[in-house]
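Below you'll find the structure, written out as structure tokens, and then a few comments.
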Amino acid sequence: MPRSPRPRTNWKRFTAALTEFEHTVPVSTPADVDATAILITDAIKKAKDDATTIQGSSTDRDQLPSSLREKLRRKRQLRRLWARTRCPRVKRDLNRLAEEVSRDLVALEAENWEAAIDRATERDTNLYSLCKRLTGTDTPIYPLKDRAGNRRYSASDRAEILAEHMEEQFSNNPPDTTNANVVRHHAAVEEEVQRFLSGPAPTLQGVESISLSEIRRAVSRPPKRKAPGPDGITNAALMQLPIGCLAALTRLFNGILQTGHFPEAWKTGKIIVLPKPGKDRRLPGSYRPITLLSHIAKLFERLLLRRMAPHLPLREEQFGFRSSHSTTLQLARVVNHLASELNNRRCTVGVFLDMEKAFDRVWHAGLLAKLINTTTPPAIVRVLASFLEGRSFYVSVEGADSRPRPIRAGVPQGSCLSPRLYAVYTDDIPTLRDHLREGEEDVLLALYADDSAFFASSYHQIVATNRMQRLLDLLPEWFDKWRMAVNVGKTAALLTGNHRPLRRLTLRGQDVEWKTSVRYLGCHIDRSLRMIPTVNKAVQHAAAARQKLHSVFTSRLPTKTKLMVYGAYVRSRLTYAAPAWYALCSAYQARRLQIQQNRCLRLIVGAPRYVRNDVIHRDTRTPTVEEYVRHLARTMFARADKGACTHLHGIAPLHARPPEGRPLPRELLLSPQPSPNTGSSGDDEDDAGEA
1 MPRSPRPRTN
11 WKRFTAALTE
21 FEHTVPVSTP
31 ADVDATAILI
41 TDAIKKAKDD
51 ATTIQGSSTD
61 RDQLPSSLRE
71 KLRRKRQLRR
81 LWARTRCPRV
91 KRDLNRLAEE
101 VSRDLVALEA
111 ENWEAAIDRA
121 TERDTNLYSL
131 CKRLTGTDTP
141 IYPLKDRAGN
151 RRYSASDRAE
161 ILAEHMEEQF
171 SNNPPDTTNA
181 NVVRHHAAVE
191 EEVQRFLSGP
201 APTLQGVESI
211 SLSEIRRAVS
221 RPPKRKAPGP
231 DGITNAALMQ
241 LPIGCLAALT
251 RLFNGILQTG
261 HFPEAWKTGK
271 IIVLPKPGKD
281 RRLPGSYRPI
291 TLLSHIAKLF
301 ERLLLRRMAP
311 HLPLREEQFG
321 FRSSHSTTLQ
331 LARVVNHLAS
341 ELNNRRCTVG
351 VFLDMEKAFD
361 RVWHAGLLAK
371 LINTTTPPAI
381 VRVLASFLEG
391 RSFYVSVEGA
401 DSRPRPIRAG
411 VPQGSCLSPR
421 LYAVYTDDIP
431 TLRDHLREGE
441 EDVLLALYAD
451 DSAFFASSYH
461 QIVATNRMQR
471 LLDLLPEWFD
481 KWRMAVNVGK
491 TAALLTGNHR
501 PLRRLTLRGQ
511 DVEWKTSVRY
521 LGCHIDRSLR
531 MIPTVNKAVQ
541 HAAAARQKLH
551 SVFTSRLPTK
561 TKLMVYGAYV
571 RSRLTYAAPA
581 WYALCSAYQA
591 RRLQIQQNRC
601 LRLIVGAPRY
611 VRNDVIHRDT
621 RTPTVEEYVR
631 HLARTMFARA
641 DKGACTHLHG
651 IAPLHARPPE
661 GRPLPRELLL
671 SPQPSPNTGS
681 SGDDEDDAGE
691 A
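Quick note: the sequence shown, position 551, residue 551 per UniProt numbering, numbers continuous.
Encoded structure:
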């Protein structure tokens, strides 16, 4: 089949075309902002289009050897002759030649594959492409069902079906009109926001102007390989802009701050979709939208975030989208709390909320009201109001675009502002802090973006459960006030220890399901805290990656390169968030993880069965899984203890525990006990079922 044409841009020609570009008109009104944004965008697009040429496409047949092309030509001649004469001798010759061509094509494919592997090196991007081809899976094209249940096959029809579904997704949750307090609250919020927006334009007091040098530094930092937005302008193009264009951008960006108007041309997003794993791909809800925005707009948003972030401090429990924070740190905090309470013979009730379309259904008026009541300069709040208002999107499927649809709610996907805005919007999620009884302790809250979990501990299960129920009774009022929705059917409860739950938990009148294992931040926490489900998933994913990369591990690539591939594609699956949970694994579970590494290293070096695993580790200078996880833990906790965030100092602290108690994450920092981690020779027959 023909290969896709590849564009190539002459960046010297692109820069030269924009050298004479100047824009000296003042940007002092919203109309000036829109006109300037369009002018700059069109100039960059035209220069890029003029400097870009399309390389001629080629077909796979053009790459065939001349001898094979001659056989294919002879095969076509025989097929035409057989169609005319129906001669048995011609048919025999045709069949024989067809078999010969088939064998030659298989051999050629094998040779090309070996050549592709030989061309790959650790410093070459085609090594990444090679592994991506092996570890990825082809996505077949499925028809989509419309509202009437009819199947639609064309790309344009599928784009419209997806756009119609997403238009509903980017809409506000319906308000609660039965609660008078909630109705009054909504009216007060709308009135406050309307009063702010209808007032005079605020001054730039407290807002630092954007300088030309700041923009020059910003355009030199973003990665080049990012998909462009609807305007087709890439980060690579922004990096090549001459000083005149950067000066025009400086004038435009300061004009946005001055007028409080975000350009209309930047409010349209191009959406492509990716299938969700394990979902029915004939339904539009089984696809995850990926929004592509203008890179010029994203450049301004990064500069705006620097000016608004100092005014929007987040609560300590929020670990999402924050410097020095990570999923592993939050998991270590949660696992350490659960294990410590269990060691103290206290049971813990955990509830893991499933927020429904959390980012896509943020109530704009509610978000602006919260921003107004912070120390954020009014000029920035005015820009954010314009940033959220009047946005639209279209869906692109196989080159076919849907008609534009409005976005009525939510924070824009793909913008660096959206995570901070969502965190501000949910920053006041309630706990029992203001409703504690005498001698009672608060619940533990763990937040990571829209993943919310609460934990209540006590010596008596019924006490912990009752405290958690009181919290669940508080949440609906907060949800209704800020028009948030929770999917109770996907919300899960976990009780640590060996006891069965004595009573049910309810949220919005529905039962919250008790589970023996809960998936949180990519890991499975089980009630016994032995992390067996987490190890099962890690082994399963690592074994699948090893099988897909088998041809790379057994190829003629340098051993150093193959070890690098192993670390990036297999070990990363084995040790995801391992500093948080590895200490709780039994010796048998730790050995299962090590066996996966042993098998990969044997493939990489081609070692026979009689060579010991520890010899292979020594010769390849590869740490065991436990040594590697301990290194990760030391690095993670050292950064947390010495970082600028004081609430991370001493996170997941060590506590004295009984000998039979559950280990704590920081115990990985202690001296390891000697154990036969790497195994002996052979292929670990005691665990042959882990392949």
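Backbone N, C-alpha and C define an ideal beta-carbon position, used for all residues, glycine too.
**Report entry** residue 363, DSSP secondary structure in three states
**Finding:** In the structure shown, residue 363 sits in coil (DSSP, three-state: anything other than H, G, I, E or B).
Query raised in the report: In the DSSP assignment, what are the bridge partners of residue 514?
Result: 493
**Report entry** Cβ distance (whole Å) where residue 597 is taken to contact residue 574 below 8 Å
**Finding:** 7 Å
Query raised in the report: Expressed to the nearest angstrom, what Euclidean distance is found between the alpha-carbon atoms of residue 500 and residue 586?
Result: 24 Å
Query raised in the report: residue 7 bridges to which residues according to DSSP?
Result: 54
Query raised in the report: Quick one: what does DSSP say residue 354 is sitting in, helix, strand or coil?
Result: strand
Query raised in the report: For the candidate residues 51, 163, 437, whose alpha-carbon lies nearest to that of residue 272?
Result: 163
Query - DSSP beta-bridge partners of residue 273 - result: 289
Query raised in the report: Under three-state DSSP, which class holds residue 676?
Result: The predicted position of residue 676 is uncertain, since its pLDDT is 47 and thus under 50; a value taken from the coordinates is nonetheless stated next. Three-state result, residue 676: coil.
Requested in this report: Put residue 450 into one of helix, strand or coil per three-state DSSP.
Outcome: coil
**Report entry** Span separating the alpha-carbon of residue 13 from that of residue 248
**Finding:** 20 Å
Query raised in the report: Ordered along the chain, which non-local residues of its own chain (more than five positions away) have a Cβ less than 8 Å from that of residue 218?
Result: 299, 302, 303
Requested in this report: Starting from residue 424, trace the alpha helix (DSSP H) both ways and give me its first and last residue.
Outcome: 417 to 425
Query - Candidates 641, 239, 581, of which the one nearest residue 222 by Cα - result: Closest option to residue 222, Cα to Cα, is 239.
**Report entry** Backbone secondary structure at residue 20 - three-state DSSP
**Finding:** coil
Query raised in the report: Along the chain, where does the beta strand (DSSP E) that runs through residue 507 open and close?
Result: 505 to 507
Requested in this report: Mark residue 345 as exposed unless 16 or more other C-beta atoms lie within 10 angstroms of its C-beta, in which case mark it buried.
Outcome: Its Cβ having fewer than 16 others within 10 Å, residue 345 is exposed.
**Report entry** Local Cβ density within 10 Å of residue 555, reported as buried at 16 or more and exposed below that
**Finding:** By the neighbour-count rule (16 or more Cβ atoms within 10 Å), residue 555 is buried.
Query raised in the report: Anyone know if the C-beta pair for residue 448 and residue 370 falls short of 8 Å?
Result: With a cutoff of 8 Å on beta-carbon distance, residue 448 and residue 370 are scored as not near each other.
Query raised in the report: Can you give the beta carbon distance from residue 331 to residue 580, rounded, assuming they're within the 8 Å contact cut?
Result: Indeed, because the Cβ distance is near 4 Å, the residues count as touching under 8 Å.
Requested in this report: Can you grab the Cα-Cα spacing for the pair residue 504 / residue 496, in whole Å?
Outcome: 15 Å
Query raised in the report: When the Cβ atoms of the stretch 486 to 494 are set against those of the stretch 503 to 517, are three or more pairs found closer than 8 Å?
Result: Verdict: yes, contact present.
Query - Residue nearest to residue 417 in terms of C-alpha spacing, selected from 51, 227, 309 - result: The shortest Cα separation from residue 417 among 51, 227, 309 belongs to 309.
Query raised in the report: Name the DSSP beta bridge partners of residue 525, please?
Result: In the DSSP output, where bridge partners are listed per residue, residue 525 has 518.
Report task. Evaluate contact between the stretch 257 to 268 and the stretch 26 to 33, counting only Cβ atoms and requiring at least three cross-stretch pairs below 8 Å. Result -> yes
Query raised in the report: Of the choices 6, 335, 364, whose alpha-carbon is the least far from that of residue 652?
Result: 335
Query - Candidates 173, 290, 41, 625: closest to residue 601 by CA position - result: 625
Query raised in the report: Just the Cα atoms here: how many angstroms apart are residue 398 and residue 647?
Result: 48 Å
Query - Assumed close pair residue 665, residue 343 - CB separation to whole angstroms, cut-off 8 Å - result: That belief does not hold up - the Cβ atoms of residue 665 and residue 343 are roughly 13 Å apart, past 8 Å.
Requested in this report: Count the other CB atoms, across all protein chains shown, that sit within 10 Å of the CB of residue 76; report buried if there are 16 or more and exposed otherwise.
Outcome: exposed
Query raised in the report: Is DSSP giving residue 245 helix, strand or coil here?
Result: helix
Report task. State yes or no: is the C-beta of residue 409 within less than 8 Å of the C-beta of residue 361? Result -> yes
Query raised in the report: Alpha carbon to alpha carbon, how far is residue 235 from residue 9?
Result: 13 Å
Query raised in the report: When we look at the beta-carbon of residue 87 and count the other beta-carbons within 10 Å, is it buried (16 or more) or exposed?
Result: exposed
Query raised in the report: Touch check for the stretch 510 to 517 and the stretch 473 to 481: three-plus C-beta pairs under 8 Å?
Result: no
Query raised in the report: Helix, strand or coil: how does DSSP classify residue 268 here?
Result: strand
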